[in-house]
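Asks: Mind looking over this structure? Questions follow.
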Amino acid sequence: MTFLSVYKTLFKHYGPQHWWPGETAFEVMVGAVLTQNTAWTNVEKAIANLKQAGVLTAKKLLAMPTAELGALIRPAGYFNVKAKRLHNFCRWLLAQGGEAALNDFDDVALRNGLLSVNGVGPETA
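Here it is as structure tokens:
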């Protein structure tokens, strides 16, 4: 029995566990980038700022100037670096066809694609 088959069996029986907070898949992805080298409570503040500004989509984040995005995610620390990383991720995501297109990837291809994004490492991918 493979790890994936065990996971699928458990998932079928227990369903989603919501171990990673986030209202949408995109919010989870943004949180994965923002949580690098910081406490989750700081990430929550940064995501709340993005929501309040109405910019929590790949297109809107990518359209923002780096400094403006950095100001919103400042609570997450390393905000200038993370703003660039979010731009890199959003650019990659949109180039793939958006969130829905990620379902067309097998796990290995998706992970390799994510690892090709500057600022996305093995833990984040």
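Residue 46 in the UniProt record's numbering is what sits at position 46 of the sequence shown, and the numbering runs on without skipping anything. By construction, the Cβ of each residue, glycine as well, lies at the ideal position given by its N, Cα and C atoms. Just so you know, these numbers come straight off a predicted model, no measurement behind them.
To the nearest angstrom, how far is the alpha carbon of Arg-74 from that of Ala-46?
Replies: Position 74 of the sequence shown, counted from the first residue, corresponds to residue 74. Position 46 of the sequence shown, counted from the first residue, corresponds to residue 46. Rounded to the nearest angstrom, the two C-alpha atoms are 7 Å apart.
Asks: Under 9 Å between the Cβ atoms of Leu-69 and Ala-83?
Replies: Start at 1 with the first residue of the sequence shown, and residue 69 comes out as number 69. Start at 1 with the first residue of the sequence shown, and residue 83 comes out as number 83. Yes, these two residues count as a Cβ contact at 9 Å.
Asks: Return the chain-ordered ranges of every alpha helix (DSSP H) run that is complete within the stretch 25 to 57 and spans a minimum of 4 residues.
Replies: DSSP runs (the alpha helix (DSSP H)) wholly in the stretch 25 to 57: 25 to 34 and 40 to 53.
Asks: Report the CB separation of Val-33 from Arg-111 in whole angstroms; it is logged as a contact under 8 Å.
Replies: By 1-based counting over the sequence shown, the position of residue 33 is 33. By 1-based counting over the sequence shown, the position of residue 111 is 111. Not confirmed; about 15 Å, so no contact.
Asks: Buried or exposed: where does Phe-3 fall if 16 or more other Cβ atoms within 10 Å of its Cβ makes it buried?
Replies: Against the sequence shown, residue 3 aligns to sequence position 3. Exposed, since its Cβ has fewer than 16 Cβ neighbours within 10 Å.
Asks: Whole-angstrom Cβ separation of residue 127 and Phe-26, contact assumed at under 8 Å?
Replies: Examination of residue 127 is not possible in this model, given that the chain is present from 1 through 125 alone.
Asks: By the three-class DSSP mapping on this structure, what secondary structure does Pro-75 have?
Replies: To locate residue 75, count along the sequence shown from 1; it is residue 75. Looking at Pro-75 - three-state DSSP - the assignment turns out to be helix.
Asks: Once you ignore the five residues that flank Thr-38 on each side, which residues in its own chain have a CB closer than 8 Å to its CB?
Replies: By one-based count along the sequence shown, residue 38 stands at place 38. Ala-76, Gly-77 and Tyr-78.
Asks: Output needed for Val-117: all residues of its chain with C-beta closer than 6 Å, excluding positions within five of it in sequence on either side, in chain order.
Replies: Your numbering for residue 117 matches position 117 in the sequence shown. Once the five neighbours on either side are set aside, the close Cβ partners of Val-117 are Asn-88, Phe-89 and Trp-92.
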